[in-house]
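Numbering (this note's numbering), first residue to last: -13 to 314.
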């Protein structure tokens, strides 16, 4: 959305009337992993301060709010990701995840790639896209990039059809690895499962009601998360009070205190454990699929290796092309 001139007008008036000394405007960008989903990550990117007095000296004392607003807008865009539509943003984020997986070693189950690295890669991809669309870009480079994208699309289509995640292409498929994975996840299920189940049973009703309320009459992407959190806070506290009162009446104050303390702890364990089990099921599906069809794993591994190598070559070619264009 267009940036309004209010911040610039306030800053210029304060600077020129001498109300403050060393006035600076600090651009801060927020990048949401999934704005509509509670518990998703947010990256806070702090940019370089804009010294208003120095800016006026450089640009000229006659510079107005519109000019300063343009500078603020440029600096804000440096610390945010900006797209024309939500679909374009989703596609760019998905492409960044794919490229991150190609550039990095497969991550262990349950681990998260830092959001900062994904956002930085997304910015680099946007820059590369602009370079490829530039008239100064070599035609051979464009042809090679188009071939890469075609093979990447085919690779993604195969993964989708087989319901295999990109990070799972290189997982070990030996019996020893499978046995160790089953043993590890089985022990985790036996130990943590009952605790997570206790949290699930006690929070199913307030969490469910909060999600229903959060999804009603949506007009913007941030409303589901905001409404779910607010509704969940109220409903969970009401449930805690009611359930603890019932336990106190039945089993006494000590039992009620222990019960109350267990509720937030087990709720957090349940949410984390559910995500862990989802990833474990996905990993087990890939393992069994590759065991039944070794040729599929070999095909995907070979294509993954080519894509990983090719993306490095393309990055080097883009840098050289950009360098030649800047010199020209």
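The beta-carbon is built from N, C-alpha and C at its ideal position, and this holds for glycine as well.
1) Relative to the C-alpha of residue 298, which candidate in 119, 35, 87, 36 has its C-alpha closest?
2) Suppose contacts are defined by Cβ-Cβ distances below 9 Å. Is residue 303 in contact with residue 81 by that definition?
3) Which of the three DSSP states is assigned to residue 208 in this structure?
4) Assign residue 214 to one of two classes, buried (16 or more other C-beta atoms within 10 Å of its C-beta) or exposed (fewer than that).
5) Quick one, which of 54, 211, 289 has its alpha-carbon nearest residue 152's?
6) May I ask which residues mark the beginning and end of the beta strand (DSSP E) holding residue 174?
7) If you check the beta carbons only, do residue 249 and residue 226 fall under 9 Å apart?
8) Check the DSSP bridge columns for residue 234 and list the partner residues they point to.
9) What residue from -8, 112, 19, 119 has the CA that sits closest to residue 11's CA?
10) Secondary structure at residue 247, three-state DSSP: helix, strand or coil?
11) With DSSP collapsed to three states, give me the class of residue 42.
12) Whose CA, out of 256, 166, 121, 169, lies closest to the CA of residue 183?
13) Could you tell me which residues DSSP puts in a beta bridge with residue 10?
14) If we ignore side chains and look at the alpha-carbon of each, how far apart do residue 247 and residue 135 end up?
15) With DSSP as the reference, label residue 93 as helix, strand or coil.
16) Since residue 28 sits in a beta bridge, which residues does DSSP pair it with?
17) Who are the Cβ neighbours of residue 241 in its own chain at under 7 Å, not counting the five residues just before and after it?
18) If you count every other CB in all the chains shown that lies within 10 Å of the CB of residue 71, and 16 or more means buried, which is it?
19) Could you give the distance in angstroms between the alpha-carbon of residue 187 and the alpha-carbon of residue 211?
20) Taking just the CA atoms, how far does residue 154 sit from residue 143?
21) Enumerate in chain order the residues of its own chain whose CB-to-CB distance from residue 6 is below 7 Å, with the five nearest sequence positions on each side excluded.
22) Hey, is the stretch 19 to 35 in contact with the stretch 195 to 212, meaning 3+ C-beta pairs nearer than 8 Å?
23) Flag this pair as touching only if the stretch 195 to 203 and the stretch 161 to 168 have three or more C-beta atom pairs under 8 Å; answer yes or no.
24) For the alpha helix (DSSP H) that residue 55 lies in, which residues bound it at each end?
25) Once the 5 residues before and after residue 59 are set aside, which same chain residues still bring their CB inside 7 Å of it?
26) Please name the residue in 185, 22, 137, 129 whose C-alpha comes closest to that of residue 251.
27) Report back the beta-carbon spacing between residue 108 and residue 78 to the nearest angstrom; my notes put them in contact at under 8 Å.
28) Please report the distance separating the alpha-carbon of residue 231 from that of residue 216.
29) Is it right to say residue 218 is buried, meaning 16 or more other beta carbons lie within 10 angstroms of its own, or is it exposed?
30) Given a cut-off of 9 Å, decide if residue 64 and residue 13 are closer than it, judged by their beta-carbon atoms.
31) With DSSP collapsed to three states, give me the class of residue 379.
Reading it off the structure:
1) Here the closest residue by C-alpha is 87.
2) No, these two residues do not count as a Cβ contact at 9 Å.
3) Shown here, residue 208 sits in coil according to DSSP, grouped into three states, outside any helix or strand.
4) That one is buried.
5) Checked all of 54, 211, 289; the closest Cα to residue 152 is 289.
6) Counting along the chain, residue 174 sits inside no beta strand (DSSP E); it lies in the alpha helix (DSSP H) bounded by residues 161 to 200.
7) With contacts defined as CB atoms closer than 9 Å, residue 249 and residue 226 qualify as a contacting pair.
8) In the DSSP output, where bridge partners are listed per residue, residue 234 has none listed.
9) With distances taken between Cα atoms, residue 11 lies closest to -8.
10) Of the three classes helix, strand and coil, the one that applies to residue 247 here is helix, per DSSP.
11) Residue 42 falls in the helix class under three-state DSSP.
12) Taking each of 256, 166, 121, 169 in turn and checking the Cα distance to residue 183, the smallest one comes out for 256.
13) 37.
14) A straight line joining the alpha-carbon of residue 247 with that of residue 135 spans about 53 Å.
15) Confidence is the limiting factor: at residue 93 the pLDDT is only 40, short of 50, which leaves the residue's position unreliable, though a coordinate-based value still follows. Residue state, collapsed to three classes: coil.
16) Beta-bridge pairing links residue 28 to 18.
17) The answer, listed in chain order, is 233.
18) Exposed is the call here.
19) Rounded to whole angstroms, the gap between the alpha carbons of residue 187 and residue 211 is 22 Å.
20) One Cα belongs to residue 143, the other to residue 154, and the distance between them is close to 15 Å.
21) Counting only Cβ-Cβ distances below 7 Å, and skipping sequence neighbours, we find 0.
22) Yes, the stretch 19 to 35 is in contact with the stretch 195 to 212.
23) With a cut-off of 8 Å on Cβ pairs, the stretch 195 to 203 is not in contact with the stretch 161 to 168, counting fewer than three such pairs.
24) Taken as a continuous stretch (DSSP letters only), the alpha helix (DSSP H) holding residue 55 covers 51 to 64.
25) Cβ neighbours of residue 59 beyond the five flanking positions: -11.
26) Ranking the options by Cα distance to residue 251, first place goes to 185.
27) 6 Å between Cβ atoms; contact.
28) Approximately 23 Å, taken between the alpha carbons.
29) Buried is the call here.
30) It is a contact, given that the beta carbons lie within the stated cut-off.
31) This structure cannot settle anything about residue 379, because the visible part of the chain is limited to -13 through 314.
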